[in-house]
Every structure is written in structure tokens, then in C-alpha cells.
Amino acid sequence: MSDSIAAGPIDFKAILEAAPDAVVVHDLNNRVLFWNQAAEALYGWTAQEILGRPISRVLYLDLAEREKAMAVLTQGGVWRRELRQLDRNGDEYLVQVRQHLQCCVDGLPQAIVSFNTDVTEQRKLADAQERAHHVQSSSILAGGVAHELNNALAPIMLSSAMLKRSVEGEKAQSMVSMIEKCATKGATLISELLAFERGKGGGRDIIRGTQVKRGILRACEELLDESIDLQVNVNEELWEFRGELSEICAVFQHLVQNAREAMPDGGKLSIDVQNHLYDENFENLAPEAKAGAYISFVVSDTGTGIAPEALAHVAEPFYTTKPPTQGFGFGLSNTQATVKGHKGFMLIESRSGVGTTVSIFIPADTDSVVKVEPLEPYRDPKSGDGELVLVADDEMFVRDTIKRTLEDRGYHVLAAQDGTEALAIYASRLKEIDMVVTNVEMPYMDGPALCRALKKLNPDVKILVSSGHKQAERVQAIKSCGVSDFLAKPYTADSLADRVHAILADEPIDS
1 MSDSIAAGPI
11 DFKAILEAAP
21 DAVVVHDLNN
31 RVLFWNQAAE
41 ALYGWTAQEI
51 LGRPISRVLY
61 LDLAEREKAM
71 AVLTQGGVWR
81 RELRQLDRNG
91 DEYLVQVRQH
101 LQCCVDGLPQ
111 AIVSFNTDVT
121 EQRKLADAQE
131 RAHHVQSSSI
141 LAGGVAHELN
151 NALAPIMLSS
161 AMLKRSVEGE
171 KAQSMVSMIE
181 KCATKGATLI
191 SELLAFERGK
201 GGGRDIIRGT
211 QVKRGILRAC
221 EELLDESIDL
231 QVNVNEELWE
241 FRGELSEICA
251 VFQHLVQNAR
261 EAMPDGGKLS
271 IDVQNHLYDE
281 NFENLAPEAK
291 AGAYISFVVS
301 DTGTGIAPEA
311 LAHVAEPFYT
321 TKPPTQGFGF
331 GLSNTQATVK
341 GHKGFMLIES
351 RSGVGTTVSI
361 FIPADTDSVV
371 KVEPLEPYRD
381 PKSGDGELVL
391 VADDEMFVRD
401 TIKRTLEDRG
411 YHVLAAQDGT
421 EALAIYASRL
431 KEIDMVVTNV
441 EMPYMDGPAL
451 CRALKKLNPD
461 VKILVSSGHK
471 QAERVQAIKS
481 CGVSDFLAKP
491 YTADSLADRV
501 HAILADEPID
511 S
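As numbered in full-length UniProt numbering, residues 1 to 511 make up the sequence shown, in order.
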């Protein structure tokens, strides 16, 4: 054919030279026979430097892998594996290796051809995504457990307050106080679970560099001794960010405590806080990373490090390498929850026997500084004056306890076991009911649907939403129909009475 390309010898060497993968050919004694440009870029040696030299330390850090490869290749197969390999500077990479056995004309093995692809960054990103998915699953489980525990604790906390007002005698009062203390301890545990599920950091205060430095130094003074060589470097012109200072200081406390426990015989602790303006390449660091201005908090120790099998789990709730008497495994999970709540993310790098580095990235604030309003002074719990309150909750014990609590404070109460029953009661007594207290999660008609329906019947209806398992989309759905008063379970009888009284009296109380 006139338009056909003239046949000629194919230059396979030129093809391999231009291949995007690092192509390495070595004989059965591991001496390099061929080394293309991509191999030069990956490993750092030029072809002139490496040809004829043994390459075991680069391709096979674990010589047992070479034996496994040969066992497969001599049977005529193709060997594929992700291997740890070193470059000229001793830096380690994760490389996808595909090897083929090249034979002579007489069929005897002659050389091994390797096509090597650097997958270090892809694997880091995939591992980060997998961990994020696992943590998300754990948070859903934690939130569900907390929700059920809330329903069990709420009646105890509310009933103990009523009992304390009615029982007499020192022994009886002491027993009720013990019940209250145990319930409060359980409520604290639940709040830790919920913090992991939905993240802390609800505060919107401006946090400045001087406050950050003060919090770090205070944590170090309280937790470290002279055996620890401490280096703290906080940028003098650190950008501001928004959040809750007490929660950020709790993060410093936990990271410093972890570092101290990892260095029982002393060591070096470095804390570095800096400004960074990242471009789109930053988004490859973690699934949560976005281009923009960040404050970085990098805490590095020279301690015992974390074993590889534990590293992927250290930020999960209930996971701990400590003995049962030394912790419940909420430390790093709560740290991660705080960072998540501040719209940031956390990375952990560690090597056994070398040390650990925890890097936290929190978005910088670009808005003007806002004035922090003083906290509202404590008020005695208020009582009602015969107002009619409708309570909707699918948990019988919670519903009945709320009913008795409010009745004990001077209210009249109607109770409904789900949203449909609550709507029917409200529709029949619309002009009599002064307020509705509803749960978020209920069968048949949940909290958001009930709030919408109530608002259609009466746009001015007063609603208090009570939930121990705040789901962002449901909360947003409730807020979108004009309801803004929320009370998180478990709550005390006083806090419930305060909130109901404030809503009925149109007094502003932060939710």
C-alpha cells in the first residue's frame, strides 16, 4: 500500500528509555544491565553510575522478597508487589514493582526486567481516605451508643433532682447525691463520645498567637520535667483563627502528655506553630485538606514511637495501648474531634524507637476581630405558672421523666410518643398549648417533620428541640423552618426548667 509506513527494525531500547515507568534490567547476580531516564529520576543515580553495580539494596530491602520473586519468575509467571525501596539519599519510597524473566534463545534464564512505579503519595492518600472512612464509621457508632445511653441517663438525672427535693434524712440525701454524681460521670463520658461524633469547636472566639503560646507553655510547665529538652517556636506574627480557646489548650495538654509518656527516660520535644498559605497541591495531603491559609501546629518527640499496626487506630475512640487503669482511649479521638470542629485536620507520623510527629492544620481567620461577649451570670432555676407544655419523645422513660419534672416545676404537661400523635394533640388544642418540647429522632414523624407541621399550624409556636445525637442535616432542617432553641441530652432538671422558662418568657439564651 502506498500510504503504509516503511517497515524497519524496532528500537526496543529507545522505547524502554522513553517509558514513564522506571525500567531496570538486572542479571541473576543483581548487576544492573539497563537503567532508563525514569529510573534516574526516581532513584537519583545516573545510568553511567549504576550500570554493572549490584542493586539489591535498592530493589530488595528485604532479600526474602528476591527469593519469592525468583520462585514465581522461574515458573514463567509475572511477579507483582509493592516494595519499600531507597533512593540515592537513603529516602524511602513505596514502589509498585512488576517483574518479568528474560530468557536466552536456548530458554535459560538471562535477566530480570522490572517496571517500577512510585506509588508513595497515592498510597498515603488512599490510606488517609480509608482511615477517614473508618473514623467516620466509628463516629456513627459512637453517636448511636451515646444516643442510647442518653435515653437511659436522662430519667436518672431528672428523677434524682426530684428525689432530692422530696426525701428526708442524711442517709437518703447521701444516696441521692451518689446517684447524681454517678449519672454526671456517665454524662461526661457521653459528651466525650458525642464530641468525637460531631466534633468540638463550636466557639467563634478569635484566638491569637499570644494565647496559643501561653497555652503551650502552661501545658509544658505542668507536665514536663527537666529530663525533657523543650523547644517551642511560635511565629510572632501568627495569624488569628476562630474557635474555643479552652478546647485548643486541651489539645496542647494531651499532645504534651502523650510526648512525656513516650519519653520516660527523657528526650527532646519540639513544638512549632507557623503560618502557611497553601495552593492546590496541599489538597493531596489529606481528604480534608483545601487550598488556603492555615495555622500549623507540629509537635515532635524522640520517644518510643507508635507501632505500625497501631498507628492507623490511635485516633479512634476506645482504642488505647495503655493498661485499662490508665485511660479509656478518648485522648487522641477527642483531639481529632476538636480539630475537626475547628474545620481542620490532623496527621500522625511515627516510627517505633524513633519518635512521633503530630501535625495539626487549622484554617486561619480572615474576618475582622469580634468582641467576645461576657458570660451570662448564673440564674436560679425558674418555675412555671400553670403553662401547658406538650412533650414529644419516643422513649417512654425520658418522656415520663420530662413530664414529671415540668409538672414538679409548676407546668401542666401533655405527652406524645411520636410526632404524629404530637401533631394531632397540638392541632386539637392549638390555642391552649403554650410550648412544645420535642425529640429529634422519632418514628413515623421525626423532629424536623413535626417542627415544619407545627409551624404551618402556628408560625409563632414555641419549640424546644431536645436531642443527644445531633445530626447536622436534621438540625439544619429544623433551623430552616425557624426553630433555634436546642437542648442537648443528657441535661439536668434545672437546665430544662431554665430553658423552658426562658423560651416562654422570650428571654434570649444561647443554645
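Each residue gets a CB set at the ideal place from its N, CA and C atoms; glycine is no exception.
Inset, instruction - Can you grab the Cα-Cα spacing for the pair residue 496 / residue 338, in whole Å? - result: Counting from 1 along the sequence shown, the entry for residue 496 is found at position 496. Counting from 1 along the sequence shown, the entry for residue 338 is found at position 338. Their Cα atoms are separated by approximately 27 Å.
Legend entry - CA-to-CA distance, residue 477 to residue 88, given in whole angstroms: Taking the sequence shown and counting its residues from 1, the one referred to as residue 88 is at position 88. Taking the sequence shown and counting its residues from 1, the one referred to as residue 477 is at position 477. If I take the Cα positions, the gap works out to 57 Å.
Legend entry - Which of helix, strand or coil DSSP assigns to residue 332: Locating residue 332 in the sequence shown gives position 332, counting from the first residue. It is helical.
Legend entry - Sequence-distant residues of the same chain with beta carbon closer than 6 Å to residue 298, five excluded per side: Working through the sequence shown from its first residue, we reach residue 298 at position 298. The residues are 272, 359.
Legend entry - Rounded straight-line distance, which links the Cα of residue 161 to that of residue 180: Looking up residue 180 in the sequence shown gives position 180. Looking up residue 161 in the sequence shown gives position 161. Those two C-alpha atoms are separated by around 8 Å.
Inset, instruction - Find out if the Cβ-Cβ distance for the pair residue 413, residue 155 is shorter than 8 Å. - result: For the purposes of this step, residue 413 is taken as residue 413 along the sequence shown, with counting starting at 1. For the purposes of this step, residue 155 is taken as residue 155 along the sequence shown, with counting starting at 1. Cβ atoms of residue 413 and residue 155: not closer than 8 Å.
Inset, instruction - Reducing DSSP to helix, strand and coil, say where residue 150 ends up. - result: The residue you call residue 150 lines up with position 150 of the sequence shown. Taken through DSSP and simplified to helix, strand or coil, residue 150 comes out as helix.
Legend entry - Interface flag, residue 80 vs chain B, CB-CB below 8 Å: Looking at the structure shown, chain B is missing, and only one protein chain is on hand.
Inset, instruction - Look at the Cβ atom of residue 439, then the Cβ atom of residue 480, and state whether they are nearer than 8 Å. - result: Within the sequence shown, residue 439 is the residue found at index 439, counting from 1. Within the sequence shown, residue 480 is the residue found at index 480, counting from 1. Not closer than 8 Å, so no.
Legend entry - C-alpha gap between residue 55 and residue 107, whole angstroms: Your numbering for residue 55 matches position 55 in the sequence shown. Your numbering for residue 107 matches position 107 in the sequence shown. For residue 55 and residue 107, the distance between alpha carbons rounds to 25 Å.
Inset, instruction - Taking the CB atoms as reference points, tell me whether residue 207 and residue 234 lie closer together than 8 Å. - result: By one-based count along the sequence shown, residue 207 stands at place 207. By one-based count along the sequence shown, residue 234 stands at place 234. Cβ atoms of residue 207 and residue 234: not closer than 8 Å.
Legend entry - Nonlocal neighbours in the same chain, by C-beta distance under 6 Å from residue 117, ignoring five residues either side: By 1-based counting over the sequence shown, the position of residue 117 is 117. 21, 96, listed in sequence order.
Inset, instruction - Give the straight-line distance between the Cα atoms of residue 79 and residue 265, rounded to the nearest whole angstrom. - result: Taking the sequence shown and counting its residues from 1, the one referred to as residue 79 is at position 79. Taking the sequence shown and counting its residues from 1, the one referred to as residue 265 is at position 265. Approximately 46 Å between the Cα atoms of the pair.
Legend entry - Nonlocal neighbours in the same chain, by C-beta distance under 6 Å from residue 270, ignoring five residues either side: Here the question's residue 270 lines up with position 270 in the sequence shown. Non-local C-beta neighbours of residue 270 in its own chain, meaning closer than 6 Å and more than five positions away in sequence, comprise 231, 300, ordered along the chain.
Inset, instruction - Could you name each continuous beta strand (DSSP E) segment of 3 residues or more that falls completely within the segment 24-53, going from the start of the chain to the end? - result: 32-35
Inset, instruction - Name the residue from 361, 423, 417, 433 whose alpha carbon lies nearest to the alpha carbon of residue 443. - result: Here residue 443 is taken as the residue at index 443 of the sequence shown, counted from 1. Comparing Cα-Cα distances from residue 443 to each of 361, 423, 417, 433, the minimum goes to 417.
Legend entry - Backbone secondary structure at residue 481 - three-state DSSP: Translated into positions along the sequence shown, residue 481 becomes position 481. Looking at residue 481 - three-state DSSP - the assignment turns out to be coil, as it is neither helix nor strand.
Legend entry - For residue 500 and residue 406, believed in contact at Cβ under 8 Å, the rounded distance: As a first step, residue 406 must be located in the sequence shown, where it is residue number 406. As a first step, residue 500 must be located in the sequence shown, where it is residue number 500. With a Cβ gap of about 7 Å, residue 406 and residue 500 count as contacting.
Inset, instruction - Give me whichever residues DSSP pairs with residue 294 in a beta bridge. - result: Within the sequence shown, residue 294 is the residue found at index 294, counting from 1. 276, 363.
Inset, instruction - Can you have a look at residue 166 and say buried or exposed, based on whether 16 or more other CB atoms are within 10 angstroms of its CB? - result: To locate residue 166, count along the sequence shown from 1; it is residue 166. Under this definition residue 166 is an exposed residue.
Legend entry - Segment limits, beta strand (DSSP E) that includes residue 438: As a working note, residue 438 is residue 438 in the sequence shown. Per DSSP, residue 438 belongs to the beta strand (DSSP E) from 435-439.
Legend entry - Inter-residue Cα distance where the pair is residue 386 and residue 408: As a position in the sequence shown, residue 386 is number 386, starting the count at 1. As a position in the sequence shown, residue 408 is number 408, starting the count at 1. Taking the straight line from one Cα to the other gives about 11 Å.
Inset, instruction - Could you check which residue in 223, 459, 212, 415 has the C-alpha nearest to that of residue 394? - result: In the sequence shown, residue 394 corresponds to position 394, counting from 1. Residue 415 is the option with its Cα nearest to residue 394.
Legend entry - residue 279 to residue 292 span [Cα, whole Å]: Numbered from 1 along the sequence shown, position 279 holds the residue referred to as residue 279. Numbered from 1 along the sequence shown, position 292 holds the residue referred to as residue 292. So the alpha carbons of these two residues sit roughly 7 Å apart.
Inset, instruction - Please report the Cβ distance between residue 305 and residue 246, rounded to the nearest whole angstrom; I am assuming they are in contact, meaning their Cβ atoms lie under 8 Å. - result: Here the question's residue 305 lines up with position 305 in the sequence shown. Here the question's residue 246 lines up with position 246 in the sequence shown. That belief does not hold up - the Cβ atoms of residue 305 and residue 246 are roughly 30 Å apart, past 8 Å.
Inset, instruction - Please confirm whether any heavy atom of the ligand SAM lies closer than 7 Å to the CB of residue 73. - result: Ligands in the displayed structure: none, and consequently the ligand SAM is not present.
Inset, instruction - Put residue 258 into one of helix, strand or coil per three-state DSSP. - result: Locating residue 258 in the sequence shown gives position 258, where the first residue counts as 1. Residue 258 falls in the helix class under three-state DSSP.
Inset, instruction - Would you mind giving the Cβ-Cβ distance between residue 514 and residue 282, rounded to the nearest angstrom? I have them listed as a contact below 8 Å. - result: No statement about residue 514 is possible, as the shown extent of the chain runs from 1 to 511 and does not include it.
Inset, instruction - Tell whether a beta-carbon distance below 8 Å holds between residue 303 and residue 262. - result: Along the sequence shown, read from residue 1 onward, the residue named residue 303 stands at position 303. Along the sequence shown, read from residue 1 onward, the residue named residue 262 stands at position 262. Yes. Within cutoff.
Inset, instruction - Report all residues from its chain with a CB closer than 8 Å to the CB of residue 389; omit the five preceding and five following residues, and keep chain order. - result: Here residue 389 refers to the residue found at position 389 when the sequence shown is read from its first residue. Within the same chain, residue 389 has close Cβ partners 406, 411, 412, 413, 414, 433, 434, 435, 436, 437, 500.
Inset, instruction - Inspect the beta-carbon positions of residue 392 and residue 422 and report whether they are closer than 8 Å. - result: For the purposes of this step, residue 392 is taken as the residue at position 392 of the sequence shown. For the purposes of this step, residue 422 is taken as the residue at position 422 of the sequence shown. Yes, Cβ-Cβ distance for residue 392 and residue 422 is below 8 Å.
Inset, instruction - Would you identify the three-state DSSP class for residue 109, choosing helix, strand or coil? - result: To locate residue 109, count along the sequence shown from 1; it is residue 109. Note: residue 109 maps to strand in three-state DSSP.
Legend entry - Simplified DSSP state of residue 75, which is helix, strand or coil: To locate residue 75, count along the sequence shown from 1; it is residue 75. Residue state, collapsed to three classes: coil.
Legend entry - Top-ranked residue by Cα proximity to residue 72, from 101, 507, 384: Stepping through the sequence shown from its first residue, residue 72 is reached at position 72. Minimum Cα distance to residue 72 is reached at 101.
Inset, instruction - Note down the Cα distance separating residue 83 from residue 93, rounded to an integer number of angstroms. - result: Mapped onto the sequence shown, residue 83 falls at position 83. Mapped onto the sequence shown, residue 93 falls at position 93. Going from the Cα of residue 83 to the Cα of residue 93 covers about 8 Å.
Legend entry - Cutoff 6 Å; reference residue 98; Cβ partners in own chain excluding five residues on either side: Residue 98 sits at position 98 when you count from the first residue of the sequence shown. Excluding positions up to five away in sequence, the list reads 80, 115.
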